[in-house]
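Residue numbers (the numbering used here), protein chains in the order written: chain A, 1043 to 1156; chain B, 27 to 138.
Only one structure is covered here, and it is reproduced in the block below.
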Amino acid sequence: GQQLNQSPQSMFIQEGEDVSMNCTSSSIFNTWLWYKQDPGEGPVLLIALYKAGELTSNGRLTAQFGITRKDSFLNISASIPSDVGIYFCAGQLMGEGNTGKLIFGQGTTLQVKP
Amino acid sequence: NAGVTQTPKFRVLKTGQSMTLLCAQDMNHEYMYWYRQDPGMGLRLIHYSVGEGTTAKGEVPDGYNVSRLKKQNFLLGLESAAPSQTSVYFCASLPSPLANQYFGPGTRLLVL
């Protein structure tokens, strides 16, 4: 099946540091989404991107929709302990606009040391 | 609004047993999805529904069946559970194809 390659798989950083993670694919997407999952809960949407080249911020989070439509990145600035969790990218393939189906990356586990 | 709820929260099954997982949403969403989450593999789509009375296969449908008899409910059935179906199952819904997917809290299933 289609795959999104998300990296890094895990990160252990010091509070206050910036974080960057990305997703790449050989396929073209018309939507990129970034989710965060806290332990024992379902994923929650952080940022949605709908246009190639789009750069969107949500507080300390910034995400970009790659110009080729095959990749996206998420940056977190000045990390804090509550940023701990698993971050997922998700994309909607071109042609899946009628189904709402998403493909998820493998996730990036973030740990923040106070 | 309760959003998306899942029942049960946790279940232990023996190999060969059957069970049904219930997903309910009170947001009048048309689209509903069942995923399984396994370590290092993200979320994989099992089955989905684009409206009441419709269902379709996702990426990993084998061993599962679904039904969407009412718009607000999406049921996931395991006819004969196998250890490979040990996982965390998430349900999600959305009002339209380009909208955000709202996720439930998950059901943890252990098959012995």
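Each residue gets a CB set at the ideal place from its N, CA and C atoms; glycine is no exception.
Looking at the unbroken beta strand (DSSP E) that takes in residue i, where does it start and where does it end?
i         : result
A:Gly1127 : 1127 to 1135
B:Arg37   : 36 to 39
B:Arg70   : 69 to 75
A:Lys1093 : Segment: none, A:Lys1093 is in no beta strand (DSSP E) and carries neither H nor E.
B:Leu136  : 133 to 137
A:Asn1117 : 1113 to 1118
B:Arg62   : 57 to 63
Using the Cβ count rule (16 or more neighbours within 10 Å means buried), how would you classify residue i?
i         : result
B:Asp88   : exposed
B:Met58   : buried
B:Gly84   : buried
B:Tyr61   : buried
A:Asn1211 : Because chain A spans 1043 through 1156 in this model, residue 1211 of chain A falls outside it and cannot be assessed.
A:Tyr1092 : exposed
B:Gly42   : exposed
A:Lys1143 : buried
How about residue i: is its C-beta nearer than 7 Å to some C-beta of chain A?
i        : result
B:Asn91  : no
B:Gly79  : no
B:Leu48  : no
B:Tyr131 : Note that residue 131 of chain B corresponds to Pro in the displayed sequence, not to Tyr. B:Pro131 counts as touching chain A.
B:Phe116 : yes
B:Asn99  : no
B:Asn126 : yes
For residue i, does the three-state DSSP call read helix, strand or coil?
i        : result
B:Gln111 : helix
Within 7 Å of any Cβ in chain B, is that where the Cβ of residue i sits?
i         : result
A:Gln1148 : yes
A:Leu1087 : yes
A:Gly1137 : no
A:Glu1083 : yes
Residue i CB to nearest chain C CB: under 7 Å?
i       : result
B:Pro87 : Here the protein chains are A and B, and chain C is not one of them.
Counting only the same chain and skipping the five closest in sequence on each side, list residues whose C-beta sits under 6 Å from that of residue i.
i         : result
A:Thr1073 : Tyr1092, Gln1134
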